[in-house]
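Heads up: the structure comes next, in structure tokens.
Residue numbers (my numbering): 35 to 223.
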């Protein structure tokens with residue numbers, strides 16, 4: 035599939051390419067991004083190049099991962115967001131924010147826009163969010179975007195060779211007033 039571009043009131047969400055490599059590299063030097071995400075650490079120039087020139091474009095081409103750079107209208111990269119297809123109708127969202135842009139609601143806004151796109155254009159019926167227990171910033175973004183935190187999955191996140199517990203949550207089309215591709219009947223328990 036060809037990459038798409040999404041817009042919100044304040045943001046432009048577009049795929050990344052070679053023109054973004056140096057910026058991605060610089061932002062990913064942030065110890066918090068390296069600590070809480072599964073990017074390599076130390077994060078080297080070849081990691082940024084592989085991400086912008088191979089991983090992101092290949093994900094769009096084969097429909098496995100839809101990566102969006104989160105840009106201000108002037109072109110400044112504020113963060114990164116991706117939806118990785120995990121199963122039929124289920125995508126997993128992941129994101130990070132540049133340190134100087136945290137606290138502005140940009141990633142929350144981008145998460146809502148990308149999830150709405152996945153629900154309406156990609157036949158996704160569940161967007162899952164996972165983050166290592168303790169990553170309160172990621173959890174705050176997910177909760178502000180309307181995700182329901184469903185619990186803790188023990189030993190389910192491998193971050194740099196260490197198994198860690200993670201929070202898991204979901205956003206459903208109905209949470210945004212949209213229809214699912216199939217009827218949803220919540221459990222009574």
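No residue lacks a Cβ here, since even glycine has one placed at the ideal position from N, Cα and C. Being a predicted model, the structure only gives us computed values, none of them experimental.
inquiry  = Let me check one thing: in DSSP terms, what residues is residue 195 bridge-paired to?
reply    = Against the chain shown, residue 195 aligns to sequence position 161. For residue 195, which the question treats as bridged, DSSP gives no partner whatsoever.
ask   = How would you call residue 202, buried or exposed, if buried means at least 16 neighbouring beta carbons within 10 angstroms?
value = By 1-based counting over the chain shown, the position of residue 202 is 168. It counts as buried.
query = In chain order, what residues of the same chain have a beta carbon less than 8 angstroms from the beta carbon of residue 218, not counting five sequence neighbours either side?
reply = Sequence index remark: in the chain shown, residue 218 carries index 184 (1-based). Same-chain partners within the cutoff: 159, 206, 208.
ask   = The alpha helix (DSSP H) with residue 164 in it runs from where to where?
value = As a first step, residue 164 must be located in the chain shown, where it is residue number 130. Careful: residue 164 lies outside any alpha helix (DSSP H), inside the beta strand (DSSP E) at 160–166.
key: Coil, strand or helix - residue 98 by DSSP   = If you number the chain shown from 1, residue 98 lands on position 64. Here residue 98 sits in coil by DSSP.
request  = Go ahead and label residue 43 buried or exposed: buried means 16 or more other beta carbons lie within 10 angstroms of its beta carbon, across all protein chains shown.
outcome  = Counting from one through the chain shown, the residue named residue 43 turns up at place 9. Classification of residue 43: exposed, given that the 10 Å Cβ count is below 16.
query = By Cβ distance below 8 angstroms, which residues in the same chain neighbour residue 186 in space, the five residues on each side in sequence not counted?
reply = Translated into positions along the chain shown, residue 186 becomes position 152. Excluding residues within five positions, the ones whose Cβ falls inside 8 angstroms are 167, 199, 200, 201, 202.
task = Quick one: which unbroken beta strand (DSSP E) runs of 3-plus residues sit fully inside the segment 58–139? Chain order, please.
result = 99–105, 111–121, 124–131
task = Just the C-alpha distance for residue 137 and residue 145, rounded to the nearest angstrom, thanks.
result = Counting from one through the chain shown, the residue named residue 137 turns up at place 103. Counting from one through the chain shown, the residue named residue 145 turns up at place 111. Using only the alpha carbons, I get a separation of about 14 angstroms.
message = In the DSSP assignment, the alpha helix (DSSP H) including residue 48 goes from what residue to what residue?
response = Here the question's residue 48 lines up with position 14 in the chain shown. Here residue 48 belongs to no alpha helix (DSSP H); instead the beta strand (DSSP E) covers 46–48.
inquiry  = How far does the alpha helix (DSSP H) with residue 172 in it extend, from its first residue to its last?
reply    = Counted from its first residue, the chain shown places residue 172 at position 138. Element bounds for residue 172: 170–178.
ask   = For residue 45, is the classification buried or exposed, using 16 other Cβ atoms within 10 angstroms of its Cβ as the cut-off for buried?
value = Here the question's residue 45 lines up with position 11 in the chain shown. So residue 45 ends up on the buried side.
Sequence-distant residues of the same chain with beta carbon closer than 6 angstroms to residue 128, five excluded per side = Counting from one through the chain shown, the residue named residue 128 turns up at place 94. Counting only Cβ-Cβ distances below 6 angstroms, and skipping sequence neighbours, we find 116.
inquiry  = Measuring only the C-alpha atoms, how far is residue 113 from residue 140?
reply    = Looking up residue 113 in the chain shown gives position 79. Looking up residue 140 in the chain shown gives position 106. Answer to the nearest angstrom: the Cα atoms are 8 angstroms apart.
query = Where does residue 187 sit, in a helix, a strand or coil, going by DSSP?
reply = Position 153 of the chain shown, counting from 1, holds the residue named residue 187. Three-state result, residue 187: strand.
query = Taking C-beta to C-beta, are residue 67 and residue 130 nearer than 9 angstroms?
reply = For the purposes of this step, residue 67 is taken as residue 33 along the chain shown, with counting starting at 1. For the purposes of this step, residue 130 is taken as residue 96 along the chain shown, with counting starting at 1. Yes, the pair counts as a contact, with Cβ atoms nearer than the cut-off.
task = If I'm right that residue 119 touches residue 103 with Cβ under 8 angstroms, what's the distance once you round it to whole angstroms?
result = Indexing the chain shown from 1 puts residue 119 at position 85. Indexing the chain shown from 1 puts residue 103 at position 69. Their Cβ separation, rounded to whole angstroms, is 19 angstroms, which puts residue 119 and residue 103 out of contact at 8 angstroms.
ask   = Just to confirm, are residue 100 and residue 125 a CB contact at a threshold of 9 angstroms?
value = Sequence index remark: in the chain shown, residue 100 carries index 66 (1-based). Sequence index remark: in the chain shown, residue 125 carries index 91 (1-based). Yes, these two residues count as a Cβ contact at 9 angstroms.
request  = Tell me, to the nearest whole angstrom, how far the beta carbon of residue 61 is from that of residue 132; I am working on the premise that it is less than 8 angstroms.
outcome  = Locating residue 61 in the chain shown gives position 27, where the first residue counts as 1. Locating residue 132 in the chain shown gives position 98, where the first residue counts as 1. Right, the Cβ-Cβ distance comes to about 5 angstroms (below 8 angstroms), so this counts as a contact.
task = Could you check the C-alpha separation between residue 192 and residue 52 for me, to the nearest Å?
result = One-based indexing of the chain shown puts residue 192 at position 158. One-based indexing of the chain shown puts residue 52 at position 18. Straight-line Cα distance between these residues: approximately 28 angstroms.
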